[in-house]
Structures are given as C-alpha cells and as structure tokens.
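Residue numbers (the UniProt record's numbering): 1 to 339.
Scroll down for the structure; my scribbles are underneath it.
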C-alpha cells in the first residue's frame, strides 16, 4: 500500500480544512458549492474532481474535525458516486456545479406498485431543501434504485439530535418514467458501493471528531484551575488525556487502512472496513465521554463546543448500526471469509 498522499488529495484536504476549520465557523452549503466540494466523487468528464476512496477519507476527516454543518456524505459523496455509476451525467454535472441538490438514502422504506412509488422515510440527512432523492425501493421486479423528484413529496424538517439537518419524507406519487437508475444485480452493486463509501466516511469523520475532542481537552486542562492548581498538573488527568489521544489515533489509523484496503481491492477489505467502523464506534464513544468528564459541568453545556463534539461522536457511533450491530456484522464477515 502507498502511504504517500497524492497532490490532488492534499489539495482536497486543504480545501476541506479551510471550509471546516477546527476552530471557527463551518461553511454553509452555498459556500461549499461555490468551492466545488459537491464535485468530490463526480467523474472529471462530468465536471467533477473524480475523487477516490482516499479523497473521501481526507474530506470526511476534515468535516469531522470542523464539525461541518453540511452533511457532505449524504449530499455530495454518495449522490456523486451513484449518479456516476448509473450514467446520469447531466444531473451529476448539476451536482458538481452546485446547481442541483441531491440527497441519498440507502435504507429501505419505499415500495413500487401499479406505476406508483409510496412509503415513508425517517431521518433522511440532507433531504431538507434537496431537489432529488436517490433511494432503493422494492416492488414486483425486486429491488430498484430510484431517482425521485422531491417536489411531489411531503418533506418535514426533523434535525437529528446533534443538529445535523435531516427530514421525514412521506411519498405517494406516480413513478416517473426515467426514475429507475438500476435494477436487480446492478442495483445491489450500486448500493454495496454506496454503503462502503458511507461507512468509510463515517469512520473518517469519527477520526476527525475524536481529534477535535482531544484538541479541545488538551487546550482546556492547562487553562482551568481547581484546588488551587491547573487541571493539567494532575497526573491522573494527563494520563486520561493520553488515553484519549491513543484512542483517536487508533480510529485514524484503522479508518485510513480501510480506505487503502478498499482502494487496493484487498480480499478482506470489507472485514477491514467493518473493523474500522467498530473501532470508531467504541473508541469514539470513549473519547467523547472522557472529553465531557474532563471538562466538568461545562462539558454538557450546549453552547460549549465540546458538547457538540460529543453529540457528533455519539451520532456517528450509531450511524452504521451501533456497537452491537457492528459486532454481529463483523463476526459474520470473518466467518464467511474463513469459510
């Protein structure tokens, strides 16, 4: 595996860090669009960056460190890849230019029957204000991947507990003639690709958020005094901070390894990815809890940044099924790999 970062990925990482600085205000959707980051996974011949798995890792990590308010994974990374895989070049160009807003959902909930598509979806990140939704649907012909206009759906804003923009969608409308992006095995292949990207982005964003928690805590301990001396002067607290640093580096290393394994087409790449996700969920939770504990009462104050970091880490830890679900999936993959 090549551990050297390419010049293109370095430029993307620098761009993402400027848009989502570890301290300061995170860029809004309009600024992200103007900077061209919605083009991350759109192919170059459609006006995009053509970013690969390492590009996704670098951008998602920066988004985690800066607590990005724009859900790039669901509104840029997944839509760009799915539109490219299904040959939707015109809409992909619109996404890359920031002219079309597309959200992607990978969970079931929609049904196709009698020429209509209907169903309800909850917690769809990035759906509020989107023009289009990419989502799977089940019907007489099996599972299909659909591209649906949201103008005919009932979209109700419902932000997640950490403030991530999301919505509930109720849909019951005629199925557009050109709505089917893929069906059968092609749909399953596209969804498998999208899940890998989603999980890699979740692990990378967790790495960034954990690094943010460590940085916030390392800056707080020397500043806060208790019992007549700085908190940083207590050896036990310094040891806990070091444990946080180690945990954050473990997430960083395992998620980066997953990106490289997927990019190299390693036979155990999915196991490596599941292991990185499980590490992110476990270590991310530990880092977030320790950060709040070391900050004391201010750590649970909504206005204080560390509480938002903790909320982000908590949401990310649940995004791929939580510790229990991830443990079961990883055990199943290892059993299949070993035969």
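Every residue gets a Cβ at the ideal spot worked out from N, C-alpha and C, and that includes glycine.
Since the structure is predicted, the reported quantities are computational estimates derived from the model, not experimental observations.
Own chain partners of residue 86 with C-beta closer than 6 Å, once the 5 adjacent residues on each side are dropped: Same-chain partners within the cutoff: 181 and 182.
Selected residue, minimal CA-CA separation from residue 171, among 120, 247, 112 and 131: When 120, 247, 112 and 131 are compared, the shortest CA-CA separation from residue 171 is found for 120.
Burial state of residue 70, where buried means 16 or more other Cβ atoms lie within 10 Å: Under this definition residue 70 is a buried residue.
Which listed residue (15, 95, 65 and 225) has its alpha carbon closest to that of residue 76: When each option's Cα is compared against that of residue 76, the closest is 95.
Own chain partners of residue 250 with C-beta closer than 7 Å, once the 5 adjacent residues on each side are dropped: 279 and 283
N-terminal and C-terminal residue of the alpha helix (DSSP H) that residue 255 is part of: 235-264
CB contact flag (residue 146, residue 196, <8 Å): Taking 8 Å as the Cβ cut-off, residue 146 and residue 196 do not qualify as a contacting pair.
Spatial distance of residue 202 from residue 53 (CA atoms): 13 Å
Own chain residues within Cβ distance below 6 Å of residue 150, not counting five before or after: 130 and 133
Between the CA atoms of residue 199 and residue 29 - distance to the nearest angstrom: 22 Å
Whole alpha helix (DSSP H) elements within the segment 264-339, 4-residue minimum: 269-295, 305-319 and 322-338
Simplified DSSP assignment, three categories, for residue 89: Annotated three-state conformation of residue 89 is helix, per DSSP.
Residue 210 beta carbon less than 8 Å from that of residue 313: Contact annotation: residue 313 and residue 210 have beta-carbon atoms nearer than 8 Å.
Contact check, residue 208 vs residue 63, beta carbons under 8 Å: yes
Pairwise C-alpha distance: residue 113 and residue 256: Rounded to whole angstroms, residue 256 to residue 113 spans 42 Å at the Cα level.
DSSP three-state assignment for residue 9, whether helix, strand or coil: helix
Inter-residue spacing [alpha-carbon to alpha-carbon] between residue 93 and residue 42: 8 Å
CA-to-CA distance, residue 124 to residue 155, given in whole angstroms: 10 Å
Residue 5, buried or exposed, once every other Cβ within 10 Å from all chains shown has been counted against 16: Label assigned to residue 5: exposed.
Span separating the alpha-carbon of residue 56 from that of residue 301: 32 Å
Nearest-angstrom Cα separation, counted from residue 36 out to residue 215: 28 Å
Test item: CB-CB of residue 334 and residue 271 under 8 Å: yes
Residue 286 versus residue 22: straight-line alpha-carbon distance, rounded: 20 Å
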